[in-house]
Each structure stands twice: as C-alpha cells, then as structure tokens.
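Protein sequences, first through last, are from chains Z and S. When the count follows our numbering, it moves up by one through the first sequence with no breaks and lands on 1379 for the last residue. When the count follows our numbering, it moves up by one through the second sequence with no breaks and lands on 158 for the last residue. Notes to accompany the following structure.
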Amino acid sequence: MALTKADMVEHLFDELGLNKREAKDLVEMFFEEIRQALERGEQVKLSGFGNFDLREKRQRPGRNPKTGEEIPISARRVVTFRPGQKLKARVEAYAGRDEFKN
Amino acid sequence: MTKSELIEVIANAQNHLAYRDVELAVKHLVERMSQALASGDRIEIRGFGSFSLHYRPPRVGRNPKTGDSVTLEGKYVPHFKPGKELRERVKDAYLQSLGQAEAS
C-alpha cells in the first residue's frame, strides 16, 4: 500500500489530535513550502530523511519518440533526492529481513 | 532550507497552530514517510512526486584500505521521482531566472 497525503492527514489527526482541517492544511503546506524552496533554487535538507538537490542541465538534442522528429530538449533545472544515512540504513534493514523471510 | 527553517516558514504562514505544534507535526510527517519506506511501502504525493525502493544487485566490492575484495549483498535504496507539477515549476522558475539574467 502506498502512503498518500490522505494517510498523512489521518496520521496527524490520530497521533497529534489536530482537527481534519488543520491536518489537511499542514500536509499541503509541508509539500508546498518544499516546492517553493526548490523553485527559488534552494536545496532542501530534511535531517533523518534526505536532501532534495537541484542540478542544472544544458540543452541537448532530443527526438519525438512517436514521429522521430528532432526537437531540442531545452536547458532545465531538475530535482534529485539523496537519501540520508539514517533512511538508507532503515531501508536496508527491512530488505535484509525480507530476504530472510523468503 | 533545513527542517527547522521549513517548520518556521509553516508556523509563520498560518495562525491556527502554535510553533510547537507545527514542529511536532512536521517531525511526525517526516518520520511517517521514513517508516513507510522502511517497511517497503511506496509514497505517492500528487504534484510533488513518488518515493519507491530500487533494488541493487549483489556485487563484489573492494576494501579501499587493503584492496581485498568483499562480497556485498543485494540491497534496496530509496528512490524519488519528481511529479509533473514539481518538475514544471522548477524548470519554469529556472528559465525565467535565466531570461532575467540575460535581459539585465
């Protein structure tokens, strides 16, 4: 099962007793403020989780896969995610347990 | 922007919740997301992106100090794929900043 915004709202409601409105606004703001920082060109660091970094890409030649027509892919800035040590270790620990099970 | 700066921005942008509550809520959200990945679940946030686990197959690595080869087991690593809205907003803001730099 994938974790969604609705699950995160539910979690704040259950665990912290925020009302549904407050919880929904908070989850929205959480992702919106991260998006805005990235839009401003700022890296976002969430300790214990990971960093959202930005990389600049130059224009490069591309092709429309359907028509085969050549169209340049414009210069752009892209978001990359680097998981932190703690998250990587937690994920690996789970994978280890999973293999043991099989 | 760090986690504490994010907490501060959110606390200032609304007036329902005290700083302390926003701090607790943000910490809970980050922990909930870590927990999802740590138990093998994906995270799907429309307009932001999705997190999933990618498998890295076993390989033979080397101890950089001694040069000895060591067998490294296969493992899972977290992966993030930015969503359409995030990709476009970051790209558009960047192109706009390039345009402004050229104009001045």
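For every residue, glycine included, the Cβ atom is placed at its ideal position computed from N, Cα and C. All figures in this text were calculated on a predicted structure; none of them were measured in a lab.
Taking 8 Å as the CB-CB limit, is residue i close to chain Z?
{"i": "Y73 of chain S", "result": "no"}
{"i": "D95 of chain S", "result": "yes"}
{"i": "E77 of chain S", "result": "no"}
{"i": "L174 of chain S", "result": "What is shown of chain S runs 55 to 158, which leaves residue 174 of chain S out entirely."}
Which of the three DSSP states is assigned to residue i in this structure?
{"i": "R116 of chain S", "result": "strand"}
{"i": "E59 of chain S", "result": "helix"}
{"i": "F1326 of chain Z", "result": "coil"}
{"i": "E1319 of chain Z", "result": "coil"}
{"i": "L71 of chain S", "result": "coil"}
{"i": "L1331 of chain Z", "result": "strand"}
{"i": "K1297 of chain Z", "result": "helix"}
{"i": "K135 of chain S", "result": "strand"}
{"i": "K81 of chain S", "result": "helix"}
{"i": "K1343 of chain Z", "result": "coil"}
I want to see whether chain S comes within less than 8 Å of residue i, judged by CB atoms only; does it?
{"i": "D1291 of chain Z", "result": "no"}
{"i": "P1342 of chain Z", "result": "no"}
{"i": "E1346 of chain Z", "result": "no"}
{"i": "I1350 of chain Z", "result": "no"}
{"i": "K1297 of chain Z", "result": "no"}
{"i": "K1301 of chain Z", "result": "no"}
{"i": "P1360 of chain Z", "result": "yes"}
Quick one: give me the first and last residue of the beta strand (DSSP E) that residue i is part of.
{"i": "E1347 of chain Z", "result": "E1347 to I1350"}
{"i": "F105 of chain S", "result": "G103 to R110"}
{"i": "R1353 of chain Z", "result": "R1353 to P1360"}
{"i": "E98 of chain S", "result": "I97 to I99"}
Check for me: the alpha helix (DSSP H) holding residue i runs from which residue to which?
{"i": "R1337 of chain Z", "result": "Premise fails: R1337 of chain Z lies in the beta strand (DSSP E), R1337 to R1340, not in any alpha helix (DSSP H)."}
{"i": "K138 of chain S", "result": "K138 to A157"}
{"i": "S123 of chain S", "result": "Where S123 of chain S is concerned, there is no enclosing alpha helix (DSSP H), although the beta strand (DSSP E) it sits in stretches over S123 to L126."}
{"i": "A1279 of chain Z", "result": "Taken as a continuous stretch (DSSP letters only), A1279 of chain Z belongs to no alpha helix (DSSP H), as it is neither H nor E."}
Could you give the distance in angstroms between the alpha-carbon of residue i and the alpha-carbon of residue j?
{"i": "G121 of chain S", "j": "E1309 of chain Z", "result": "47 Å"}
{"i": "E1333 of chain Z", "j": "R1340 of chain Z", "result": "20 Å"}
{"i": "A92 of chain S", "j": "K1363 of chain Z", "result": "10 Å"}
{"i": "M55 of chain S", "j": "T1344 of chain Z", "result": "42 Å"}
{"i": "Y73 of chain S", "j": "F1290 of chain Z", "result": "17 Å"}
{"i": "R1359 of chain Z", "j": "A1352 of chain Z", "result": "22 Å"}
{"i": "P132 of chain S", "j": "E1347 of chain Z", "result": "34 Å"}
{"i": "F134 of chain S", "j": "Q154 of chain S", "result": "30 Å"}
{"i": "A1283 of chain Z", "j": "D1302 of chain Z", "result": "11 Å"}
{"i": "I1350 of chain Z", "j": "R1335 of chain Z", "result": "9 Å"}
{"i": "V1356 of chain Z", "j": "R143 of chain S", "result": "11 Å"}
{"i": "A157 of chain S", "j": "L1331 of chain Z", "result": "24 Å"}
{"i": "V1286 of chain Z", "j": "Q89 of chain S", "result": "15 Å"}
{"i": "Q150 of chain S", "j": "R1354 of chain Z", "result": "11 Å"}
Do the region 81 to 100 of chain S and the region 1322 to 1333 of chain Z make contact, defined as three or more Cβ pairs closer than 8 Å?
Note that the region 81 to 100 of chain S touches the region 1322 to 1333 of chain Z; at least 3 beta-carbon pairs, one per stretch, sit closer than 8 Å.
Inter-stretch contact at 8 Å, needing at least 3 Cβ pairs: the region 1298 to 1317 of chain Z / the region 62 to 76 of chain S
Yes, since at least three Cβ pairs between the region 1298 to 1317 of chain Z and the region 62 to 76 of chain S fall closer than 8 Å, the two stretches touch.
Could you tell me whether the region 1282 to 1296 of chain Z touches the region 107 to 124 of chain S, using the rule of 3 or more Cβ pairs below 8 Å?
Too few Cβ pairs lie closer than 8 Å, so no.
Inspect the CB distances between the region 1293 to 1300 of chain Z and the region 94 to 101 of chain S and report whether three or more fall short of 8 Å.
Per the Cβ contact rule, the region 1293 to 1300 of chain Z is not in contact with the region 94 to 101 of chain S (fewer than 3 Cβ pairs under 8 Å).
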